[in-house]
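Under the UniProt record's numbering, the first residue of the sequence shown is numbered 1, with each subsequent residue one higher.
Working notes, structure below.
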Amino acid sequence: MPMTSSINDINIDTVNKEIIRGLLKLPENQFCGECGMIEPQWASVNLGIFICLSCAGLHRRLGTHISRVKSCELDNWLKSEIEAFKETTNLKAKEYWESLVPSDFIRPTYADSNGLKEAWIRCKYEDKAFVPEDVPGAKRLNFSKREGYVYKKGIIVKNWKRRFMKFIGDDRLEYFKNEQDKTPCGSISLHDCGQIDSIQELEGRTFCFIISTPKRRYLISCDNYQQLLIWIINTRLSSKRNSP
Ligand SMILES: [Zn+2]
C-alpha cells in the first residue's frame, strides 16, 4: 500500500541518516577526503569517501562513471551504499588512492584554487596516478621530469610565447626559445615566492598558473591537468626548500 511503503521509506531513511551521521563522527572521516576541510557533508558513494561541498562540485565534474556524489543529509542512500561505507573510511581510501604519492608531495588543500584541486582529483581517480603498483590501468605522473614546453605571457608584449622551461636546482626556473638553446630568455627566481597556484582560463589559454615573486607575477599555461599539477607542486617544493 502506498501509504505504508511511504512510511517505511521514511523510517528506513531516518535510520540510514543516523548511520551516516555515525560514520561521519569517526575520527578518520571528520575531514574532507580531498582537501582537509572540516566536517564533510557530501560523499562519493562509489569511491567511499566523505568530501566537502566544494570537492563535491569537483567530483561531479569527473562524471558519474568515475564518482557518484550524494549529500549525506539531502539525498537518499541505498542500503548497499551504506554497507560499503561501513567497510571503509577516508583514511583507508587515501591509503589506496594515494598509495604512491611521492613522500615530499605537497597535497592541495581547501585554501588552494579549484583548478589545482581538480587537477589533483583527476590525476587521482581518472588516471589512477597514485594507486598501488599492481593495479592495472594506472597512468603515472613523472615528478622527476622538471622541464618541458609551456606558454608564458610576456610582460612587455603581452602575448603568449611558447618556451622551454626547466628548473635549475631549486634556485630558479629558466626559460628558452628552444630546448637546444644555451642562453635563456629569462629566469624566475624561486626565492621568496608568494602565490603559486592555478588560475582561471585566461585569454583562451587553459591550464594556467601563476608564480608570484617579489619582482613580478609570471603567468604560464601548460597542455593538460597532469602537467599543471606537476609544475605547481614542483615549483612549490623548490620554493619551500628555499624558504628560511
Ligand atoms: Zn574538500
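Cβ atoms here follow ideal geometry from the backbone N, Cα and C, with glycine treated the same way.
All values derive from a computational prediction rather than experimental measurement.
Shown in chain order are the residues whose CB sits closer than 5 Å to a heavy atom of ligand 1: Cys32, Glu34, Cys35, Met37, Cys52 and Cys55.
Exclusion of the five residues before and after Ile66 leaves Tyr125 and Glu126 as the residues of its chain whose Cβ lies within less than 7 Å of its Cβ. Here Leu26 is exposed. Its C-beta has fewer than 16 other C-beta atoms within 10 Å. Taking the Cβ atoms as the reference, Gly33 lies roughly 4 Å from Ile49, within the contact range of under 8 Å. Per DSSP, the continuous alpha helix (DSSP H) segment holding Trp231 begins and ends at Tyr225 to Asn242.
No residue range can be given for Lys177, since it is assigned to no alpha helix (DSSP H) and is classified by DSSP as neither H nor E. Ser99 is not a Cβ neighbour of Asp170, given a cutoff of 7 Å. DSSP lists no bridge partner for Ile12. Counting only runs of 3 or more residues that sit fully inside the UniProt domain "Arf-GAP" (17 to 138), the beta strand (DSSP E) segments are 42 to 44, 49 to 51 and 69 to 71, in chain order.
Assignment of Leu141 by DSSP, reduced to helix, strand and coil, places it in the coil class. In terms of Cα proximity to Glu95, the closest of Ala119, Val69, Glu87 and Val131 is Val131. Segment contact: the stretch 54 to 63 against the stretch 28 to 43, three or more CB-CB distances shorter than 8 Å; contact assigned. Between the alpha carbons of Gln227 and Asn234 lies a distance of about 10 Å. In the DSSP assignment, Gly186 falls within the beta strand (DSSP E) that extends over Gly186 to Ser189.
The three-state reading of DSSP puts Gly194 in coil, since its state is none of H, G, I, E or B.
Only buried fits Ala129, as 16 or more other CB atoms lie within 10 angstroms of its CB.
Around Arg241, the same chain offers Asp170 as residues with beta carbons nearer than 8 Å, after the five sequence neighbours per side are excluded. Pairing Glu87 with Ser221, the inter-Cα distance amounts to about 41 Å.
Listed in chain order, the non-local C-beta contacts of Phe143 below 8 Å within the same chain comprise Pro102, Phe105, Ile230, Ile233 and Asn234, local neighbours out to five positions each way being set aside.
Between Ile188 and Ile211 a beta carbon distance of about 6 Å is seen, short of the 8 Å cut, so the two are scored as contacting. If you draw a straight line from the Cα of Ser243 to the Cα of Arg146, it comes to about 20 Å. DSSP places Glu203 in no beta strand (DSSP E); its state is neither H nor E. Cβ neighbours of Ile168 within its own chain (closer than 8 Å, five residues either side excluded): Glu174 and Ser187.
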